[in-house]
Amino acid sequence: MKNWLPACCFIIINFATFKALPAADDRLLYPPIEDKRFCESAVEFKRAFEFFSKEKELDFNEPRSIKAAIDVAKNCTGAFERFQKVFLLLKKSGVELTRAFEVSLEYSGFDNERAKNFFVLFQKLFLENYLNLDFTTAYKLANGLSKDYKGDPIKLRDDFVKIVDLCTAEKQLSLDKKTCAQLALNLTKYTELFPKGVFEDFNDIIKYVQSHKRLGLNIKDTLNLAQRVISKGPKAPTNFKKIIAFTLEENSLKLTEIQAFQLALVISDLSFNDQEDKKINKHDP
Amino acid sequence: MIHNYLFSFFLTLQIGISYANQPDDSSIKSISKKLSSVEMQWEENKNAVKYQVQVFNSKNKLLKTFESKTSLLKFKSTSGKVKIRGRFLDSYGKFSSWSDLTPIEVPPDPVKFNEADQTNKESFFAGRASNKTMKGKVLINWNQAPQAKKYLLKVYDNNTKTVLEKISNSTSAELFLEAGSFTFSITSIGNEEVMGKESFSPKKITVSSAQISDLNFEVANNPKNENQFEIKLPQKRSIIIIGKLEYSYHMSERIDKPWKLVGSLFEVKETIWSPPGNLTPGKYKISFWGRKDNWQDSIPFEYEFTVKPTINDLADINPN
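Heads up: the sequence lines are chains V and L, in that order.
Those letters in the first sequence? Residues 1 to 285, by my numbering.
Those letters in the second sequence? Residues 1001 to 1320, by my numbering.
So, in structure tokens, the structure goes:
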């Protein structure tokens, strides 16, 4: 038994030493290459080629598969993943395969988030469980909200998905799908004005108006109000609430609920100074 | 001496056709002023130097006397029943006795159709059958025939079976025929119902078939989901409803014929049709039309719809 103790200590010491030593792995020997200019082109080519070889419905012969795989690999690391997701989504939606290939190849050339926007938002727009739009409209809007979108795609996607979930959920707004689609499209026009996107502020103002005892707006008027307030930027919801509090809760002014509401709207409209924007633009070289 | 007045007539028009359907209106509206040509061949007599023929009407009134140096006499006559008698002058300058009066019929000339119609096979009298009566109106016309007082029109089907007989007092007729292709003949009728030779028109009659009138198909959408619907089909006696389901990809504008038949044409016996549940996602077009024997199919009713993938269909490409 005495002989076991040194042996165990030796093993423990050695194990600890082993963990502390650098592993025989290139990634640890050299600093990782983060520069997006450097691509895993071989990996992308191989995965793409194997995919095209298996995708019998595309009917690509070997030279055509090689050519297509090269086209995918040209779009650098992650290209195949982007291609495959968009392609399979379009194929399963019933898109003609040559066109599905072309669109997917185009999306493989965008960054991951833009491709993900198309993948996620097209489903939200097209599927029956969500907005249930017709194919042409859903496809056009999904393109507009992904490859053609100039702002932050993550923020936009986050806003869009949350708004759709909110307005289609039975226990939430429970709007009809057309109204919901229009609301999501209207609100996401202002996503870029808000540092964290519009959803939180939109949801907040809705809850505020719905729960305010003296405002008593129906859902349609609440949505119209919320869209108008949101359109005036991130300070507008706070300004609106401050004036309601000032007029109705602090009783600083002797106004009726309607007058107070109108005043709050006027003041919240002043939250966005587009003249200032024009002045800034004038000074731009 | 009365010679053996065995003479024979060779008339330019055939005679002796009798018809079961005689006209009930025999008033003359128009009759060609041209006379019918008659040729008459006497039995030749060796002593004859001249032949003489007299034509009488049915009331024995002398109409005309003709002379000929040969036994063949050609003359023009009105159509109808006439009586003739003949004699000859011998080389001694003596006439033989008149023969007995022999009744003959001078038919009107046959109708002659335009030559152009004989060469142009594309030319035909056309009509379209009505949806209600199943018959189509066709107006046909033909040329006037000399001495024709009226015309017997006979219409034959493709099996040469007579489908219509009609007397016309003019050179046109309005016919009501069922759908099909027909030939027709015109027989001119002269005075005293003497009939001419039947002439067949090279120009055919074509009556396109009747089309089943538009049927009423109703689409009932699920108010909660536009993609869910059913189609109520009309129920009409003796009309069957045929259905056709076609598929097309989305974004298939570049394909020549984007719609592909799904399965085969089918007869719908139910009163309501809704899409089967196992359809592949894509665009669909359902068409229905009515069908009945000898009728043209009704104009198809078409309805397009989309089958979308479900969340489950996309589960394997969506991250959890």
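A virtual CB, placed ideally from N, CA and C, is assigned to each residue, including glycine.
Nothing here was measured: the structure is a model prediction, and the numbers come from that model.
When you compare each of the options to residue i by their alpha carbons, which one comes out closest?
i: L:Asn1158; options: L:Gln1147, L:Asn1169 and L:Thr1183; result: L:Thr1183
i: L:Val1055; options: L:Trp1042, L:Ser1037, L:Tyr1247 and L:Lys1083; result: L:Lys1083
i: L:Glu1267; options: L:Ser1287, L:Glu1253 and L:Gln1144; result: L:Ser1287
i: V:Phe338; options: V:Asp71, V:Asn218 and V:Asp269; result: It is not possible to answer for residue 338 of chain V, since the shown part of chain V is limited to 1 through 285.
i: V:Ile230; options: V:Asn218, V:Lys254 and V:Leu265; result: V:Leu265
i: L:Glu1133; options: L:Pro1276, L:Ala1210 and L:Val1053; result: Note that residue 1133 of chain L corresponds to Thr in the displayed sequence, not to Glu. Cα-wise, what sits closest to L:Thr1133 is L:Ala1210.
i: V:Ile213; options: V:Gln275, V:Ser104, V:Glu257 and V:Asp59; result: In the sequence as presented, Ile is not what sits at residue 213 of chain V; that position holds Lys. Closest by alpha carbon: V:Glu257.
i: L:Tyr1051; options: L:Ser1096, L:Ala1173 and L:Lys1059; result: L:Ser1096
i: V:Val215; options: V:Glu249, V:Val161 and V:Lys56; result: At residue 215 of chain V the sequence reads Leu, which differs from the Val that was named. Of the listed residues, the one whose Cα sits closest to V:Leu215 is V:Glu249.
i: V:Phe197; options: V:Leu183, V:Lys162 and V:Val209; result: The amino acid at residue 197 of chain V is misidentified as Phe; the sequence shows Gly. Minimum Cα distance to V:Gly197 is reached at V:Lys162.
i: V:Asp168; options: V:Asp158, V:Thr179 and V:Asp159; result: Residue identity differs from the one stated: residue 168 of chain V is Thr in this sequence, not Asp. Nearest option by C-alpha distance: V:Thr179.
Between residue i and residue j, what straight-line distance do the alpha-carbon atoms span, to the nearest angstrom?
i: V:Gln262; j: L:Asp1256; result: 59 Å
i: L:Asn1278; j: L:Trp1259; result: 18 Å
i: V:Pro237; j: V:Asp201; result: 7 Å
i: L:Glu1218; j: L:Lys1232; result: 5 Å
i: L:Glu1270; j: L:Arg1237; result: 14 Å
i: L:Ser1099; j: L:Lys1154; result: 40 Å
i: V:Ser271; j: L:Asn1221; result: 45 Å
i: V:Phe246; j: V:Ile205; result: 16 Å
i: V:Pro234; j: V:Phe194; result: 5 Å
i: L:Val1038; j: L:Lys1046; result: 24 Å
i: L:Phe1124; j: L:Thr1206; result: 7 Å
i: L:Pro1023; j: L:Ser1036; result: Its pLDDT being 30, under 50, L:Pro1023 is placed unreliably by the model, and the measurement read from it follows with that caveat. For L:Pro1023 and L:Ser1036, the distance between alpha carbons rounds to 22 Å.
i: V:Lys254; j: V:Lys241; result: 17 Å
i: L:Ile1311; j: V:Asn129; result: 8 Å
i: L:Gln1041; j: L:Asn1131; result: 58 Å
i: L:Asn1114; j: L:Ser1274; result: 58 Å
i: L:Gln1296; j: L:Arg1254; result: 33 Å
i: V:Leu291; j: V:Ala73; result: Not covered by the structure: residue 291 of chain V. The range shown for chain V is 1 to 285.
i: L:Asn1143; j: L:Asn1191; result: 18 Å
i: L:Asp1316; j: V:Leu90; result: 14 Å
i: L:Arg1128; j: L:Leu1139; result: 11 Å
i: L:Asn1225; j: V:Ser174; result: 14 Å
i: V:Asn273; j: V:Val43; result: 51 Å
i: L:Ile1031; j: L:Ser1181; result: For L:Ile1031, the predicted model reports a pLDDT of 47, less than 50, meaning its position is unreliable; a value from the coordinates is still stated below. About 31 Å.
i: V:Leu121; j: L:Ala1126; result: 60 Å
i: L:Leu1265; j: L:Leu1245; result: 8 Å
i: V:Gly151; j: V:Phe199; result: 16 Å
i: V:Asp165; j: L:Phe1229; result: 26 Å
i: L:Ser1172; j: L:Pro1276; result: 57 Å
Which residue comes first and which comes last in the beta strand (DSSP E) that contains residue i?
i: L:Phe1301; result: Phe1301 to Val1307
i: L:Arg1291; result: Gly1282 to Arg1291
i: L:Asn1057; result: L:Asn1057 -> no beta strand (DSSP E), and no H or E assigned at all.
i: L:Thr1187; result: Gly1180 to Ile1189
i: V:Ser53; result: Taken as a continuous stretch (DSSP letters only), V:Ser53 belongs to no beta strand (DSSP E), being part of the alpha helix (DSSP H) at Ser41 to Lys54.
i: L:Ile1140; result: Lys1135 to Asn1141
i: L:Asn1225; result: Asn1225 to Lys1232
i: L:Val1106; result: Thr1102 to Val1106
i: L:Ala1220; result: Glu1218 to Asn1222
How about residue i: is its Cβ closer than 7 Å to a heavy atom in the ligand NAD?
i: V:Cys180; result: Ligands are entirely absent from the displayed structure, and the ligand NAD is therefore not among its contents.
Cβ atoms of residue j and residue i: under 8 Å apart, would you say?
i: L:Lys1137; j: L:Glu1178; result: no
i: V:Glu40; j: V:Thr98; result: no
i: L:Ile1212; j: L:Lys1292; result: yes
i: L:Tyr1247; j: L:Tyr1284; result: yes
i: V:Asn75; j: V:Ser53; result: no
i: V:Val86; j: V:Phe45; result: no
i: V:Lys147; j: V:Phe110; result: yes
i: V:Phe80; j: V:Arg47; result: yes
i: V:Lys232; j: V:Asp269; result: yes
i: V:Lys92; j: L:Pro1281; result: yes
i: L:Lys1214; j: L:Ser1298; result: The residue asked about is misnamed: residue 1214 of chain L is Asp in this sequence, not Lys. In this structure, L:Ser1298 lies closer than 8 Å to L:Asp1214 by Cβ.
i: V:Ala260; j: V:Ile244; result: yes
With respect to the alpha helix (DSSP H) encompassing residue i, which residues constitute its N-terminal and C-terminal limits?
i: V:Gly144; result: Phe135 to Gly144
i: V:Asn186; result: Lys177 to Leu187
i: V:Ala100; result: Leu97 to Ser108
i: V:Leu156; result: Pro153 to Thr168
i: V:Asn224; result: Ile219 to Ile230
i: V:Leu193; result: That residue, V:Leu193, is in no alpha helix (DSSP H); it is neither H nor E in DSSP.
i: V:Ser65; result: Glu62 to Ala73
* Stretch pair the segment 1080-1091 of chain L + the segment 1195-1207 of chain L: three plus CB contacts closer than 8 Å -> With the cut-off at 8 Å, the segment 1080-1091 of chain L and the segment 1195-1207 of chain L do not touch.
Is the segment 1140-1156 of chain L touching the segment 1170-1187 of chain L, taking contact as three or more C-beta pairs under 8 Å? The way I'd put it, the segment 1140-1156 of chain L does touch the segment 1170-1187 of chain L; three or more beta-carbon pairs between them come closer than 8 Å.
- Does the segment 1072-1087 of chain L come within contact of the segment 1159-1168 of chain L, defined as at least 3 CB pairs closer than 8 Å? Taking a contact to require three or more Cβ pairs closer than 8 Å, the segment 1072-1087 of chain L and the segment 1159-1168 of chain L do not qualify as touching.
Practice task
Spell out a yes or no on whether the segment 1104-1117 of chain L and the segment 1059-1070 of chain L are touching, meaning 3 or more CB-CB pairs, one atom from each, closer than 8 Å.
Solution key: No: fewer than three Cβ pairs fall under 8 Å.
Between the segment 1305-1313 of chain L and the segment 120-135 of chain V, are three or more C-beta pairs nearer than 8 Å? Contact holds: three or more Cβ-Cβ distances are below 8 Å.
Decide if the segment 52-71 of chain V is in contact with the segment 137-152 of chain V; the criterion is three or more beta carbon pairs, one per stretch, under 8 Å apart. Between the segment 52-71 of chain V and the segment 137-152 of chain V there are fewer than three inter-stretch CB-CB distances shorter than 8 Å, so the stretches are not counted as touching.
Check: Touching or not, the segment 1237-1255 of chain L and the segment 122-129 of chain V, by the rule of three or more beta carbon pairs under 8 Å?
Finding: Contact fails: fewer than three Cβ-Cβ distances are below 8 Å.
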